[in-house]
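Worksheet for the structure shown next.
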Amino acid sequence: MSRSYNASVIEPDKRPSATQALIGTFGALIAWGVVYAALEPAAGWAVSALPLERGSHLEEAAAFFLYDTPKVLMLLTLVVFAMGVVRSFFSATRTRALLAGRREGLGNVAAASLGIVTPFCSCSAVPLFIGFVSAGVPLGVTFSFLIAAPMVNEVVLGLLFALVGWQVALSYLGFGLGVAIVSGWVIGRLHLEGWLEPWVLKVRSGAVDLPANSLTVTDRVQAGIEAVKDIVGKVWMWIIAGIALGAFIHGYVPVDLIAAIMGRDAWWSVPAAVVIGIPIYSNAAGIIPVVQALIAKGAALGTVIAFMMSVIALSAPEMIILRKVLSLKLIAVFVGVVGLGILAVGTLFNVLFA
Numbered sequence: 003m004s005r006s007y008n009a010s011v012i013e014p015d016k017r018p019s020a021t022q023a024l025i026g027t028f029g030a031l032i033a034w035g036v037v038y039a040a041l042e043p044a045a046g047w048a049v050s051a052l053p054l055e056r057g058s059h060l061e062e063a064a065a066f067f068l069y070d071t072p073k074v075l076m077l078l079t080l081v082v083f084a085m086g087v088v089r090s091f092f093s094a095t096r097t098r099a100l101l102a103g104r105r106e107g108l109g110n111v112a113a114a115s116l117g118i119v120t121p122f123c124s125c126s127a128v129p130l131f132i133g134f135v136s137a138g139v140p141l142g143v144t145f146s147f148l149i150a151a152p153m154v155n156e157v158v159l160g161l162l163f164a165l166v167g168w169q170v171a172l173s174y175l176g177f178g179l180g181v182a183i184v185s186g187w188v189i190g191r192l193h194l195e196g197w198l199e200p201w202v203l204k205v206r207s208g209a210v211d212l213p214a215n216s217l218t219v220t221d222r223v224q225a226g227i228e229a230v231k232d233i234v235g236k237v238w239m240w241i242i243a244g245i246a247l248g249a250f251i252h253g254y255v256p257v258d259l260i261a262a263i264m265g266r267d268a269w270w271s272v273p274a275a276v277v278i279g280i281p282i283y284s285n286a287a288g289i290i291p292v293v294q295a296l297i298a299k300g301a302a303l304g305t306v307i308a309f310m311m312s313v314i315a316l317s318a319p320e321m322i323i324l325r326k327v328l329s330l331k332l333i334a335v336f337v338g339v340v341g342l343g344i345l346a347v348g349t350l351f352n353v354l355f356a
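Position in the sequence shown counted from 1, then plus 2, gives you my numbering.
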């Protein structure tokens with residue numbers, strides 16, 4: 003469920019002033035930059051100190067792991083902190099108010115755009131869905147939000163920008179929003195409200211959030227810190243697991259094998275990547291290192307992007323959670339519509355970045 007920031011976490015007499023909070027944040031950003039700049043030489047030194055055969059597969063895998071682990075964790079921390087501050091301006095109540103009564107079309111665009119900066123995770127899917135429906139948000143508009151929030155969130159965009167490049171990140175943003183907007187609009191046009199679980203439409207949300215305009219600068223900085231503790235604290239193990247898999251791919255998987263399975267010449271690679279990604283569970287931060295390793299090994303960019311989108315937006319665990327509010331028929335429509343959108347995006351990426 004989306005978390006409202008509790009300004010009473012810190013006792014009033016111990017709370018830093020706005021000036022202290024800003025100075026502390028600025029100092030932390032400088033320290034972050036210094037450490038980040040030193041990561042590559044430090045990782046090189048660490049690898050050279052290990053008793054590994056030079057040029058071996060194991061050395062390549064170790065170099066990838068020792069450099070990417072702190073790099074991805076530091077990037078994630080910075081992005082999550084920044085978006086934690088941004089999210090202090092958005093409460094679940096305010097988000098519902100912005101979307102309630104919106105017509106389809108413009109409503110789908112607004113919902114998908116809000117999905118980029120508002121909280122969403124597996125545990126928050128059900129209460130957000132109920133809250134939107136009970137606030138009068140059209141079903142298609144609600145789906146645009148639910149598709150965009152996990153698939154086109156700030157973690158994905160920030161890490162793609164840092165690890166793959168701004169062209170890919172910007173293209174992913176545009177295509178990802180397109181999938182969310184069009185998929186939500188299509189589902190809305192199908193008028194499938196009757197396929198919701200009956201109890202959902204009877205629920206009236208009574209959640210109350212702290213009004214965003216009552217927060218001070220100190221509160222917003224603290225909201226960023228709390229976001230780092232909450233999100234990074236939950237996903238760091240998945241990130242390390244993803245980097246370890248990426249390191250294995252980087253060091254041991256032959257380029258020819260990757261090219262044969264996920265290369266541009268394999269016409270079936272994009273559909274296969276979507277199907278393979280659905281049963282896999284990972285968050286955005288955990289899958290990005292795998293994406294980076296696959297691309298470095300010669301996999302087609304569109305195929306890898308399709309795989310990543312499938313893992314993030316259509317994973318089996320997400321569907322199990324959404325089963326609480328959606329009938330199996332509606333889940334099937336959701337997977338089918340979004341899956342077709344991901345297929346189109348993967349194919350277009352392969353054409354544009356050939």
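The beta-carbon is built from N, C-alpha and C at its ideal position, and this holds for glycine as well.
So for residue i, helix, strand or coil by DSSP?
i: residue 198; result: strand
i: residue 18; result: coil
i: residue 300; result: coil
i: residue 243; result: helix
i: residue 327; result: coil
i: residue 212; result: Any answer about residue 212 is weak, because its pLDDT of 45 lies below 50 and its placement is not dependable; what the coordinates show is given next. Residue 212 falls in the coil class under three-state DSSP.
i: residue 1; result: Residue 1 is absent from the model: the chain starts at 3 and stops at 356.
i: residue 29; result: helix
i: residue 178; result: helix
i: residue 59; result: helix
i: residue 291; result: helix
i: residue 256; result: coil
i: residue 312; result: helix
i: residue 75; result: helix
i: residue 207; result: Caution applies to residue 207, whose pLDDT of 41 falls short of 50 and renders its modelled position unreliable; the value that the coordinates give is listed next. DSSP places residue 207 in coil when its eight states are reduced to three.
i: residue 91; result: coil
i: residue 68; result: helix
i: residue 7; result: Since pLDDT at residue 7 reaches only 45, below the 50 mark, its modelled position is unreliable, and the value read off the structure follows with that caveat. Residue state, collapsed to three classes: coil.
i: residue 80; result: helix
i: residue 173; result: helix
i: residue 24; result: helix
i: residue 2; result: With the chain covering 3 to 356 only, the question about residue 2 has no answer from this structure.
i: residue 124; result: Because the pLDDT of residue 124 is 46, which lies under 50, any placement of that residue in the model is unreliable, and the question is left without a value.
How would you write the range of the alpha helix (DSSP H) that residue i sits in, first residue to last?
i: residue 333; result: 330-354
i: residue 159; result: 156-165
i: residue 41; result: 41-51
i: residue 221; result: 219-229
i: residue 272; result: 271-279
i: residue 119; result: 108-119
i: residue 141; result: 141-153
Among the options, which one has its Cα closest to the Cα of residue i?
i: residue 63; options: 47, 165, 251 and 46; result: 251
i: residue 187; options: 165, 300, 108 and 330; result: 108
i: residue 313; options: 351, 274, 331 and 298; result: 274
i: residue 69; options: 298, 45, 80 and 119; result: 45
i: residue 2; options: 245, 219 and 311; result: Look at the range of the chain in this structure, 3 to 356, and you will see that residue 2 is not part of it.
i: residue 147; options: 158, 171, 182 and 166; result: 182
i: residue 247; options: 217, 290 and 229; result: 290
i: residue 72; options: 195, 38, 56 and 48; result: 38
i: residue 24; options: 220, 32, 328 and 345; result: 220
i: residue 110; options: 330, 32 and 178; result: 178
i: residue 239; options: 168, 75, 49 and 297; result: 75
i: residue 353; options: 173, 341, 196 and 216; result: 173
i: residue 185; options: 270, 22 and 344; result: 344
i: residue 263; options: 67, 78 and 300; result: 300
i: residue 229; options: 236, 349, 83 and 116; result: 83
i: residue 48; options: 59, 30, 163 and 67; result: 67
i: residue 77; options: 143, 227 and 165; result: 165
i: residue 218; options: 350, 90, 298 and 54; result: 90
i: residue 309; options: 281, 175, 321 and 57; result: 281
i: residue 355; options: 42, 112, 18 and 297; result: 297
i: residue 231; options: 79, 117, 22 and 116; result: 79
My understanding is that residue i touches residue j, with C-beta atoms under 8 Å, so please give their C-beta distance in whole angstroms.
i: residue 223; j: residue 87; result: 7 Å
i: residue 194; j: residue 335; result: 6 Å
i: residue 316; j: residue 198; result: In fact, because the Cβ distance is near 19 Å, the residues do not count as touching under 8 Å.
i: residue 272; j: residue 304; result: 6 Å
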